[in-house]
Amino acid sequence: MNTFQAYSAILLFSGLMLSAGVMQAQPGFEPPVRGIDEYRTPSDYNLRNGAAFNIVLNNFGFGISGEYRRVLSPLSEGFVELQITALRDVTEQNYQFFGQQIIPNKRNRILSFPLTFGFKHRLFPQPISDNFRLFVSGQGGPTLAFVYPYYSLNNVNYIMVEDFDPANFSYDDVSFGPIEANTGQFVNDAFQGWGDGSWMWGSAGQLAVGVDFGDDFKSMTTVKVGFTFSYFSEGIQVMDPFNAVDFIPPTQNAAEVYIIDKGSPKQKFFGSPFITISFGSMW
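Mapping to the working numbering: the sequence shown position 97 is 191, numbers consecutive.
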């Protein structure tokens, strides 16, 4: 190798080393790689509070509620919810009679106002995307139920089935007065009978699994499904406590006589699967 070739080799080697050093020293040349264990939470955006409007569907019908949320930790939230919903016996059957909806043997309507306090925790934040945030939740608290009559009572002739002997029937054994049984009363509409209603205290709760959707943590869109329940220690008379199982046709001198048997007992526990859709915001 002559002198020129030696100098050329030295200069080429020095240039390569210098270029490598410059490239290595340049900040931000390689974009940072997000770790698989990293995830975003409302705390990353200094969001601590949230409010939502909820639409509830269950076996009792349709309900609405308002909800306030408070961030407790990066993955956990506490919340309080006030709901308005109906309660009923899930065995009820609806019939149309001359354009009016009739529920045979129903005694009372119920509006329920549960005020529940809950806890919510996000699950599996690492492998699941931040725009599909799976969580579990539970809540419980008092509920106030307004119970009002499905129909107005009428005075009728009746006899209890255990006192009725077809072979020895006498009108002297017949009672006259109001009886909570299906004796052809006119049904109240949803806004009638409130003056005869009463309030009852009970307890309510929910267990659920759900998903918070979206990359924008300031906007809340949530769907959750689970089981909701209410309990009233004194029980509520949802269906008729007595049933008219037969009747004696009217005569020229006497009105018809209803033969009455025992009906449904008071109901203490109300439970149903549910789905809730929530819309709200955080700040």
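Beta carbons are placed, not taken as given, at the ideal position from N, Cα and C, and that holds for glycine.
8 Å contact criterion, which residue i and residue j should meet: CB distance rounded
i	j	result
residue 152	residue 322	6 Å
residue 227	residue 305	7 Å
residue 175	residue 233	7 Å
residue 199	residue 357	7 Å
Where residue i falls: helix, strand or coil (DSSP)
i	result
residue 224	coil
residue 257	helix
residue 136	helix
residue 244	coil
residue 64	With the chain running from 95 to 377 in the structure shown, residue 64 is simply not present.
residue 289	helix
residue 267	helix
residue 262	helix
residue 250	strand
residue 295	strand
residue 239	strand
residue 311	coil
residue 148	strand
residue 334	coil
Distance, residue j Cα to residue i Cα
i	j	result
residue 330	residue 204	9 Å
residue 154	residue 264	44 Å
residue 333	residue 359	8 Å
residue 249	residue 354	14 Å
residue 206	residue 345	45 Å
residue 363	residue 136	37 Å
residue 156	residue 369	10 Å
Beta-bridge partners of residue i, as assigned by DSSP
i	result
residue 306	227 and 316
residue 214	171 and 231
residue 277	Note: residue 277 sits in no beta bridge, so no partner.
residue 349	Partner(s): none; residue 349 has no beta bridge.
residue 359	Paired residue(s): none; residue 359 is not in a bridge.
Burial state of residue i (16 or more Cβ within 10 Å)
i	result
residue 161	buried
residue 158	exposed
residue 343	exposed
residue 149	exposed
residue 139	exposed
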